[in-house]
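Read through the structure below, which is laid out as structure tokens, and then see the notes.
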Amino acid sequence: MSLTSTRLGLSYLAEAQAQKHVTINETVRMLDTLVHLSVKSASIATEPAGVDGEAYILPAGASGAAWDGRPEGTVMAFQENAWAEITPLIGMVVYTEDEASLRVYTGAAWASLNEPSVLGVNASPDATNRLTVKSDAALFSHDDVTPGSGDMRLVVNKAGGTETASILFQSAFLGKAEFGLTGTDDFVIKVADDQGQFRDALVIDRQTGSVSLPNTA
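Heads up, the sequence shown is in my numbering, so the first residue is 2 and it goes up one at a time.
Here it is as structure tokens:
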């Protein structure tokens with residue numbers, strides 16, 4: 002039987018073990034750091050003066066008497082006047098105080114939970130629809146908390162003139178109408194027939210502001 006736990010490597014008490022309090026205290030000390038794990042910073046590269054109970058995630062090139070040579074991403078915790086090295090495990094979550102943010106360890110790095118690559122609300126996102134929401138309504142309101150300016154703008158940005166920045170309206174997941182900058186920098190309103198063929202219903206020239214109705218007799 003192993004004398005340490007499988008995942009966290011916490012020490013078990015051996016049968017008839019002497020100095021049991023030493024083993025128990027080491028385990029409690031480790032749990033005191035790992036439970037609700039919080040670090041002061043993940044960007045400080047120079048070992049600071051240790052303060053009992055404080056911990057840090059080491060960035061690349063960290064230096065100091067205890068930090069030097071430790072792998073990037075290692076958690077260093079100051080416990081009872083000494084630095085303890087903690088190797089992170091996949092799924093560990095930490096609160097980073099100087100960023101006021103949460104991070105999760107992926108096995109390769111501490112990834113910010115403030116910047117998720119996909120997000121679903123009552124639905125599953127995919128590689129194309131990385132933000133997916135199923136709801137009867139969605140509200141975007143001006144910021145009266147910070148507070149903000151009182152304005153509220155929804156911005157849709159495209160890479161260049163020949164790309165598309167638009168809002169598409171669907172019925173049973175089939176496109177029926179669209180407005181925006183659809184392959185041009187002029188403002189266009191399009192509609193689709195029953196075969197899914199889109200046609201320009203209205204075009205506003207961005208240079209002159211003139212309006213045309215290309216498919217109106």
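Glycine included, every Cβ here is placed at the ideal spot set by N, Cα and C. Computed from a prediction, not measured in an experiment: that's the story for all the values here.
Give the single residue among the options whose Cα lies nearest to the Cα of residue i.
i	options	result
A109	G92, E100, E98	G92
E27	R131, A17, A83	A83
L103	I25, A178, S42	S42
V189	L203, G197, F199	L203
T7	A67, A112, L90, S150	L90
L38	L182, T97, D127, Y13	T97
S211	R200, D187, D201, Q196	D187
A138	A128, V122, M153	V122
Q196	G176, P117, I25	G176
Would residue i be called buried (16 or more neighbouring beta carbons within 10 Å of its own) or exposed?
i	result
A131	With the sequence shown as reference, residue 131 is identified as Arg, and Ala is not the correct amino acid for it. Under this definition R131 is an exposed residue.
F170	exposed
F141	exposed
A56	buried
Using 8 Å for Cβ pairs, my map puts residue i next to residue j. What's the rounded Cβ distance?
i	j	result
G74	L59	7 Å
A1	A178	Given that the chain is displayed from residue 2 to residue 218, the structure contains no residue 1 and the question cannot be resolved.
G149	T165	Incorrect: roughly 29 Å between the Cβ atoms, too far for contact.
Mind checking which residues open and close the alpha helix (DSSP H) that includes residue i?
i	result
D33	21 to 35
In the DSSP assignment, the beta strand (DSSP E) including residue i goes from what residue to what residue?
i	result
F141	Counting along the chain, F141 falls outside any beta strand (DSSP E), and DSSP gives it neither H nor E.
A78	76 to 80
E16	Element bounds for E16: n/a, residue is neither H nor E.
S83	For the record, residue 83 in the displayed sequence is Ala; it is not Ser. Where A83 is concerned, the enclosing beta strand (DSSP E) stretches over 83 to 87.
(request) Report the residue ranges of all beta strand (DSSP E) runs contained in full by the region 93 to 134; include only those spanning at least 3 residues, in chain order. (result) 94 to 97, 102 to 106, 111 to 113, 120 to 122, 132 to 134
Check: Which full runs of the beta strand (DSSP E) of 3+ residues lie inside the region 47 to 74, going along the chain?
Finding: 56 to 58
Entirely within the region 144 to 212 and at least 3 residues each: give me those beta strand (DSSP E) ranges in chain order.
165 to 172, 175 to 183, 188 to 193, 199 to 205
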